[in-house]
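Contents: one structure, followed by commentary.
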Amino acid sequence: MYQGLFNSSYVPSPFEMAYIRDPVNLLGPWFCAVVFSLMLTGVILAQTYNYVEERPKDPFLLQLLHLHAAKSASTLAITWRLFIKYFGDFLNVGIPAVDQKITTVWGSFMGLIVQAYFIHRGFILSRNWYFLVAASLASIIGFVGSIILCYVVFTLKGIPPPLYLQSANMMVIGTVVADALITGFTCWYLLNQRKQSSFASTNTLIVRLITTSMQSAVPPLVCAIFNLIFNSRSNATDNAWVLCFNVLLPYFYVVSLMFTVNSRTRLRATGGSQSDRANIYGMNSLPKTTRNPEGTERATTQVYVTTQTRTDQINSAERGHISGDRRSVDSSSHISVGDKKRRLEDDF
Numbered sequence: 138m139y140q141g142l143f144n145s146s147y148v149p150s151p152f153e154m155a156y157i158r159d160p161v162n163l164l165g166p167w168f169c170a171v172v173f174s175l176m177l178t179g180v181i182l183a184q185t186y187n188y189v190e191e192r193p194k195d196p197f198l199l200q201l202l203h204l205h206a207a208k209s210a211s212t213l214a215i216t217w218r219l220f221i222k223y224f225g226d227f228l229n230v231g232i233p234a235v236d237q238k239i240t241t242v243w244g245s246f247m248g249l250i251v252q253a254y255f256i257h258r259g260f261i262l263s264r265n266w267y268f269l270v271a272a273s274l275a276s277i278i279g280f281v282g283s284i285i286l287c288y289v290v291f292t293l294k295g296i297p298p299p300l301y302l303q304s305a306n307m308m309v310i311g312t313v314v315a316d317a318l319i320t321g322f323t324c325w326y327l328l329n330q331r332k333q334s335s336f337a338s339t340n341t342l343i344v345r346l347i348t349t350s351m352q353s354a355v356p357p358l359v360c361a362i363f364n365l366i367f368n369s370r371s372n373a374t375d376n377a378w379v380l381c382f383n384v385l386l387p388y389f390y391v392v393s394l395m396f397t398v399n400s401r402t403r404l405r406a407t408g409g410s411q412s413d414r415a416n417i418y419g420m421n422s423l424p425k426t427t428r429n430p431e432g433t434e435r436a437t438t439q440v441y442v443t444t445q446t447r448t449d450q451i452n453s454a455e456r457g458h459i460s461g462d463r464r465s466v467d468s469s470s471h472i473s474v475g476d477k478k479r480r481l482e483d484d485f
């Protein structure tokens with residue numbers, strides 16, 4: 138029971154007073170976070186079902202899904218304590234538990250994994266070292282900022298020091314820059330490939346890949362931007378709406394990754410072919426653009442020519458003699474003509 142409920146001489150701490158005076162801005166973010174995180178968890182479960190049905194199990198994605206499941210359990214545990222176990226107990230509500238303190242670094246770690254996947258995909262696609270270095274550096278800076286912020290939260294006593302806001306800005310800005318680089322570079326590279334191509338089917342496929350990239354990358358990017366905006370207006374003692382976006386951001390990352398993997402499978406089923414060259418990420422470098430003077434695509438052409446000659450026993454009444462032997466000649470030839478066209482969806 139809350140000590141200040143029937144004790145008129147009880148003096149609340151600064152953290153208690155913040156929750157007493159403004160529960161909307163301090164408890165509201167956690168409530169909204171759990172509601173939307175449960176919605177996104179349902180989306181991830183549906184995507185996981187499609188992934189398991191259509192593709193073999195991938196240890197990398199399974200480990201990420203395990204982290205997501207643990208993250209969902211942690212979010213539910215935080216909500217249970219704030220709104221059920223410690224309902225009205227502002228003393229315990231104002232004291233963050235361990236899972237609350239590691240929320241930012243946990244989410245940043247999941248984001249780092251997904252960003253590393255997309256950075257690797259972009260590099261394999263383009264072999265652009267500038268993109269690899271810039272995006273990796275921004276992603277690592279964001280993760281290091283979350284580690285510093287976690288340390289500050291664990292050692293926090295009273296008013297947050299300047300390092301609290303500085304590390305939070307470092308984390309959020311690094312995340313936003315990394316997401317923006319990944320999204321912008323991927324779309325720019327695909328558009329550049331489309332300009333260099335003169336084939337209608339290749340251009341159509343590139344448009345599909347650009348659409349898939351935008352649909353998968355924009356939601357986490359928008360969430361990261363809102364995270365940056367609210368972080369600049371946030372304070373640990375009077376406004377915690379930034380926590381809502383901190384909690385939701387790793388969910389958007391997982392949704393983005395699962396959507397990309399499942400979309401690649403659908404693209405191959407509808408507009409491409411499976412390839413043994415595809416690695417665990419299903420990517421290889423883009424083919425160099427070639428032009429046909431006639432303006433038509435050179436596709437794989439295979440011609441099978443089979444010739445069979447057979448001499449059997451002839452009826453003696455028709456030919457006047459009986460063949461003493463049966464000879465069978467069977468010959469076949471196989472000719473393969475044409476150049477094999479590399480499929481763009483195998484590289485994505």
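Numbering-wise, the sequence shown is residues 138 to 485 according to our numbering.
Just so it is clear, CB atoms sit at the ideal spot from N, CA and C, and this is done for glycine as well.
Computed from a prediction, not measured in an experiment: that's the story for all the values here.
Roughly how many angstroms separate the alpha carbons of residue i and residue j, rounded to a whole number?
i	j	result
Ser273	Ala315	7 angstroms
Ala206	Ile215	14 angstroms
Gln303	Tyr388	25 angstroms
Leu213	Phe336	51 angstroms
Val235	Tyr223	16 angstroms
Ala253	Ala170	25 angstroms
Ala305	Val289	10 angstroms
Glu431	Ser334	Confidence at Glu431 is low in this model, with a pLDDT of 44, below 50, so the placement of that residue is unreliable and no value is reported for it.
Ile239	Asn399	31 angstroms
Arg370	Thr185	36 angstroms
Ile343	Asn229	54 angstroms
Val189	Leu327	29 angstroms
Gly225	Gln237	18 angstroms
Thr165	Trp378	The displayed chain sequence assigns Gly, not Thr, to residue 165. Rounded to whole angstroms, Gly165 to Trp378 spans 8 angstroms at the Cα level.
Leu269	Val148	54 angstroms
Leu163	Ala275	30 angstroms
Tyr267	Leu318	11 angstroms
Pro299	Ser283	15 angstroms
Gly259	Leu346	12 angstroms
Thr339	Asn187	27 angstroms
Leu386	Phe152	26 angstroms
Asn368	Val309	8 angstroms
Arg401	Ser353	12 angstroms
Cys287	Pro160	23 angstroms
Thr397	Ala271	22 angstroms
Thr433	Thr341	Note that Thr433 scores a pLDDT of 43, beneath 50, so its modelled location is shaky; the value from the coordinates is reported in the next line. Answer to the nearest angstrom: the Cα atoms are 15 angstroms apart.
Thr292	Tyr301	11 angstroms
Leu202	Val251	11 angstroms
Pro233	Ser245	19 angstroms
Ser263	Pro357	23 angstroms
Arg158	Ile285	29 angstroms
Ile277	Ala210	26 angstroms
Asn265	Phe322	10 angstroms
Gly179	Phe173	10 angstroms
Lys294	Ile256	38 angstroms
Asn329	Ile296	51 angstroms
Phe227	Leu219	9 angstroms
Arg331	Tyr390	27 angstroms
Trp217	Met154	21 angstroms
Hey, residue i and residue j are a contact pair by Cβ (cut 8 angstroms); roughly how many whole angstroms apart?
i	j	result
Met395	Ile261	About 19 angstroms separates the two Cβ atoms, so there is no contact after all.
Gly279	Thr312	4 angstroms
Cys324	Met307	At roughly 27 angstroms, the Cβ-Cβ gap does not stay under 8 angstroms, so Cys324 and Met307 are not in contact.
Thr320	Val355	7 angstroms
Leu177	Val392	6 angstroms
Lys208	Trp243	6 angstroms
Tyr156	Gly231	5 angstroms
Starting from residue i, trace the alpha helix (DSSP H) in both directions and tell me its first and last residue.
i	result
Pro356	337 to 369
Thr312	299 to 333
Ala275	266 to 291
Lys238	235 to 238
Val230	227 to 230
Report yes or no: do the region 353 to 365 and the region 377 to 385 share at least 3 C-beta pairs separated by less than 8 angstroms?
-> yes
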